[in-house]
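S.K.: Those protein sequence lines, which keep their order, are chains Y and F.
Under my numbering, the first residue of the first sequence is numbered 3, with each subsequent residue one higher.
Under my numbering, the first residue of the second sequence is numbered 3, with each subsequent residue one higher.
Sharing a structure with you now.
Protein chains: 2
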Amino acid sequence: MSIRIGIYGYGNLGRGVELAIGQNPDMTAVGVFTRRAPSTVKTCTGIPVYSASEADNMTDKIDVMILCGGSATDLPKQTPALAEKFNVVDSFDTHAKIPEHLTAVQAIAEKAGKTALISGGWDPGMFSLARLYGGAVLPNGKDYTFWGKGVSQGHSDAIRRIDGVVDAKQYTIPIDSALTAVRSGAMPNLATDEKHERECFVVAEEGADKARIEREIKTMPNYFADYKTTVHFISLEELREKHGGLPHGGQVIRCGQTGANGEHKHVVEYSLKLDSNAEFTASVLVACARAVYRMNQAGDVGCKTLFDIPPAYLSAKSREDLIKELL
Amino acid sequence: MSIRIGIYGYGNLGRGVELAIGQNPDMTAVGVFTRRAPSTVKTCTGIPVYSASEADNMTDKIDVMILCGGSATDLPKQTPALAEKFNVVDSFDTHAKIPEHLTAVQAIAEKAGKTALISGGWDPGMFSLARLYGGAVLPNGKDYTFWGKGVSQGHSDAIRRIDGVVDAKQYTIPIDSALTAVRSGAMPNLATDEKHERECFVVAEEGADKARIEREIKTMPNYFADYKTTVHFISLEELREKHGGLPHGGQVIRCGQTGANGEHKHVVEYSLKLDSNAEFTASVLVACARAVYRMNQAGDVGCKTLFDIPPAYLSAKSREDLIKELL
C-alpha cells in the first residue's frame, strides 16, 4: 500500500516534494493545496490542485501532509493547525524559535493522535544529525558548521530591499584557511568573520548611486556588517545567465580527542554539495514523511524531530535488507 | 545516577572503552573481565580486573556490558551468551555474517528482557548510518565507500603469517582519481582495483627470500591479488618508529540526482580521519551503551543495530538541550 502524501504550499519546495515523491515507489502524491486560485496553478507532474480550504475534507485521503510554506509567517500557524487533522512534516528553520514551535505542535498533535515532524531539511536536519552524532561519539571536542558555497535567499532578499536595487544574488562562502585549520584537528577558535565571507551580485537601477548601494550592503547589521563582503554590479542578463540556480551546501566538522591524555585526534566531517537547495530539502522531507507515517502506525504520536527518528524508519528498504546490504 | 559499564575483553578496544568512559560523566567503568589471570592485567585507570567467569555473579552491578573481543571467534559465542544476563554492546564486523549473528542474539535477548546492540563502531556503524541516510534521502543515486588511508589489521596479520616475515603493517589507500571522480557527482562504475591500493611495510627474517615473500603477498587471493600492491622491506626499528600507530578512516559518498529529469546533482560525503581506530571504535561503543541502557529502561528489548536507535538516545545531553543547541 502506497503512502499518500499531500503537498501544502507550492513554491520551489513544494515542486521539489512533488518530484521527490516520484523517486519513491512506496509513495503517491495526492495533490497540491494552495491559497492561490487552484486554476492558476499548474503542477510539474499533473497532480491535482486543491484550494487550501479543501484540505479539511480530505483527511481520509492523505496519510501525511508535507508543509512547504515559509518559516517566518506560514509554518508557525500552519503546522499546529494542520497537525490537528493530519500527520505533518515541515522544514521550520528559524533555529532560535524551534523549541517554541515544537511545544505548540506537540500539544495539538498529541491530543489529536497525530505524528508531526518539524525542522526537516539539511540545516536544521541532516546537519543537526551530524552535530548530534559527532558530539555523542567524541564528547571531548568541538564542532564547526560551515555553509556554502551557496546562495543565501535571506541575504539576497535583504539586498533586494535596498533602494535602487533591481535584483541580487548573495553567495555565502566558507573561508578556505578556516576549513583547512579545522580539518587539521587543531580545534581553532574562529570568530564569525573568520569562517565565512559574502559575495554579492547586484543589478542596480539605471542611474542609481552604486557607491551608496554598496555602502548600505556592507554596513547592514547582522546580514553583512560582520563579514568580509564583496559587491559586484552586473547586468540583469548576466545575473540570469550565470546566477540563476540555487546551489548550496556546507560542512559540519567535529574534531575530538581520545586517549589517556587526549593524544589521539579524530576529525569527522559531514559535507553536502547541492545543485538545488530546495530539491534536496524536499528529498529530506519526503523521507521524513515515510518515518512519520510509520511512527504514527506504531502509535508514536506527538511532535518529533530527526533526533527522535530511528534511522531505519526513513528508508524504503526493509530492516532485513538494510542490515544485509548497508550495515 | 551513573550508567555502570562492564568491559569484557581487554585488548586495544577494551582499553579504548575504559578511556572513553572517562570522557562521559554519566557513566562509570565497573571493571574489566578477562580470560587471563586477573592479577596479570593492569588497567589504564586502575579499575578492577575480574575473571570472565565472575561476570555472572555481577549482574546487579552492571547496567551494560561492552564486549571487546574479536569477530572471528569471540563474539559469535560471547554476545549471545552474555545477552542472557546483561544488556550488551558489541562491534561484530564480519559484514556477511551480521544477519546470522543478529538472529542468534535476538532470540536470547528478547527472552531475557535484555537489550543488545551489535555491530557498533565505524564500519559497520557510523559508515552504515551514512549509507542509510544517504540512500533514504537520495533514492536515485549510488553510494561509494572508501577506506583509508589506514592500517588494516586483517591484511597486516595475513602478511605476518607468510614464512620468513617477522612483522608487517599494511595501509589501505583510496585512489585519488577515483575519489575525485566520485566527488564530482559523475557516478562512475569502479572496479575493486580502481578504488583502493595497498602499501605494505614488511620486516623479513635475516636471509629470507624477499622476492618470494613479495610474490606471496601480491598473489594472495582476496587480500592482495585484486589490488595494485606495493611492498617495502624495512627494518624492525623503522617499522616501530614510523608505523607504530593504528590510524584509519575513510569516506562514504552518496551521489544522487533530483529534478524532473535528474538535472540536479547532489553529493553527500561522510568522512573520518582517525588517529586511533580502536579508540574511535570504542567511543562509538560507549555512546551505544548509553542508548542500550535507555532503550532497556523504556522496555525496548531484543537485538538492535544503529539503524534502530533514535539518535537522541546516543547523546548525554537532554532532548531539550539537543533541540535548543544542535538542531
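Ideal Cβ placement from N, Cα and C applies to all residues, glycine included.
Predicted model only: the values in this text are computed from it and were never measured.
Taking Thr307/F as the query, report the chain Y residues whose CB atoms sit under 9 Å from its CB, ordered along the chain.
M.R.: Ala314, Arg321, Leu324, Ile325 and Leu329, listed in chain order.
S.K.: Which residues in chain F have a C-beta closer than 7 Å to the C-beta of Cys46/Y? List them in chain order.
M.R.: Result: Ala262.
S.K.: Just grab the DSSP bridge partners of Met29/Y for me.
M.R.: Partner(s): Ile5/Y.
S.K.: Write down the C-beta distance between Ile49/F and Ala31/F rounded to the nearest angstrom, noting that I regard them as a contact closer than 8 Å.
M.R.: With 8 Å as the limit, Ile49/F and Ala31/F qualify as a contact, their Cβ atoms being about 5 Å apart.
S.K.: Runs of 3 residues minimum, wholly inside the segment 229-295 of chain F: which ones carry the beta strand (DSSP E) assignment?
M.R.: For the segment 229-295 of chain F, whole beta strand (DSSP E) runs of length 3 or above, ordered along the chain, are 230-235, 250-260 and 266-276.
S.K.: Tell whether a beta-carbon distance below 8 Å holds between Lys275/F and Gly304/F.
M.R.: For Lys275/F and Gly304/F, no; Cβs fall outside 8 Å.
S.K.: Report yes if the CB atom of Leu316/Y is closer than 8 Å to the CB atom of Leu131/Y, and no otherwise.
M.R.: No, the Cβ-Cβ distance between Leu316/Y and Leu131/Y is not below 8 Å.
S.K.: Pick out whichever of Leu104/F, Thr61/F and Ile7/F has its Cα sitting closest to the Cα of Pro82/F.
M.R.: Closest option to Pro82/F, Cα to Cα, is Leu104/F.
S.K.: State yes or no: is the beta carbon of Gln25/Y nearer than 8 Å to at least one beta carbon in chain F?
M.R.: So yes, Gln25/Y belongs to the interface.
S.K.: Assuming Met67/Y and Val51/Y form a contact by the criterion Cβ under 8 Å, report the distance between their Cβ atoms to the nearest whole angstrom.
M.R.: Not confirmed; about 15 Å, so no contact.
S.K.: What residues in its chain sit with their C-beta under 6 Å from that of Trp149/Y, if we drop five residues either side in the sequence?
M.R.: Cβ neighbours of Trp149/Y beyond the five flanking positions: Thr174 and Gly252.
S.K.: Please classify Leu21/F: does DSSP put it in a helix, a strand, or coil?
M.R.: The answer is helix: DSSP assigns Leu21/F an H, G or I state.
S.K.: Quick one: is Glu281/Y near chain F, going by C-beta distance under 8 Å?
M.R.: Answer yes: the Cβ-Cβ gap between Glu281/Y and chain F drops below 8 Å somewhere.
S.K.: Measure the Cβ-Cβ separation of Thr117/F and Val294/F and say whether it is below 8 Å.
M.R.: Yes.
S.K.: Give the DSSP-derived three-state secondary structure of Ala118/F in the structure shown.
M.R.: It is a strand residue.
S.K.: Have a look at Leu192/F, Ala188/F and Val168/F and flag the residue whose alpha-carbon is nearest the alpha-carbon of Ile177/F.
M.R.: Nearest of Leu192/F, Ala188/F and Val168/F to Ile177/F, Cα basis: Leu192/F.
S.K.: Which class does Asp169/F belong to by DSSP, given the choice of helix, strand or coil?
M.R.: Here Asp169/F sits in strand by DSSP.
S.K.: When burial is assigned at 16 or more other CB atoms within 10 Å of the CB, is Glu218/Y buried or exposed?
M.R.: With 16 or more Cβ atoms within 10 Å of its Cβ, Glu218/Y is classed as buried.
S.K.: Cα separation between Leu77/F and Ser41/F?
M.R.: C-alpha separation (whole angstroms): 24 Å.
S.K.: Say whether chain F places a C-beta atom closer than 8 Å to the C-beta of Ile100/Y.
M.R.: It does: the Cβ of Ile100/Y has a partner Cβ on chain F nearer than 8 Å.
S.K.: Skipping 5 residues on each side, what residues in its chain have a beta carbon closer than 6 Å to that of Ala227/F?
M.R.: These residues qualify, in order along the chain: Thr221.
S.K.: Taking the alpha-carbon of Arg38/F as reference, which of Gln25/F, Asp310/F and Tyr12/F has the nearest alpha-carbon?
M.R.: Per the Cα distances, Tyr12/F.
S.K.: Going by DSSP, which residues form a beta bridge with Ala106/Y?
M.R.: Answer is none; Ala106/Y lacks a bridge partner.
S.K.: Considering Leu99/Y, what are the terminal residues of the alpha helix (DSSP H) in which it resides?
M.R.: The sequence given here places Lys at residue 99/Y; Leu does not occur at that position. Careful: Lys99/Y lies outside any alpha helix (DSSP H) and carries neither H nor E.
S.K.: Taking 8 Å as the CB-CB cut-off, is Tyr173/F touching chain Y?
M.R.: So no, Tyr173/F is outside the interface.
S.K.: Suppose the cutoff is 8 Å on Cβ atoms and the five residues either side in sequence are ignored; what does the same chain contact list for Pro190/F look like?
M.R.: Ala180, Ala183 and Val184, listed in sequence order.
S.K.: Would a C-beta distance cut-off of 8 Å place Ala160/Y and Tyr225/Y closer than the cut-off?
M.R.: For Ala160/Y and Tyr225/Y, yes; Cβs fall inside 8 Å.
S.K.: Cutting at 6 Å between CB atoms, please list the residues of its own chain near Gly258/F, excluding the five before and the five after it.
M.R.: Cβ neighbours of Gly258/F beyond the five flanking positions: Leu140, Asn142, Gly143 and His268.
S.K.: Closer than 8 Å, CB to CB, is Arg296/F near chain Y or not?
M.R.: Not one chain Y Cβ lies under 8 Å of Arg296/F.
S.K.: Do Leu238/F and Asp169/F have their C-beta atoms closer together than 8 Å?
M.R.: Result yes, Cβ atoms of Leu238/F and Asp169/F sit closer than 8 Å.
S.K.: Please classify Arg214/Y as buried or exposed, where buried requires at least 16 other C-beta atoms within 10 Å of its C-beta.
M.R.: Classification for Arg214/Y: exposed.
S.K.: Using the Cα positions of Asp92/F and His157/Y, report the straight-line distance between them to the nearest angstrom.
M.R.: Those two C-alpha atoms are separated by around 48 Å.
S.K.: By DSSP, does Leu69/Y sit in helix, in strand, or in coil?
M.R.: Looking at Leu69/Y - three-state DSSP - the assignment turns out to be strand.
S.K.: By DSSP's criteria, Tyr12/Y is part of a beta bridge. Which residues make up the other side?
M.R.: Bridge partners of Tyr12/Y: none, in fact.
S.K.: If we ignore side chains and look at the alpha-carbon of each, how far apart do Lys44/F and Gly115/F end up?
M.R.: Using only the alpha carbons, I get a separation of about 34 Å.
S.K.: Which residues, in chain order, does the segment 38-70 of chain F contribute to contact with chain Y at a C-beta distance below 9 Å?
M.R.: So the list reads Cys46 and Thr47, given in the order they occur along the chain.
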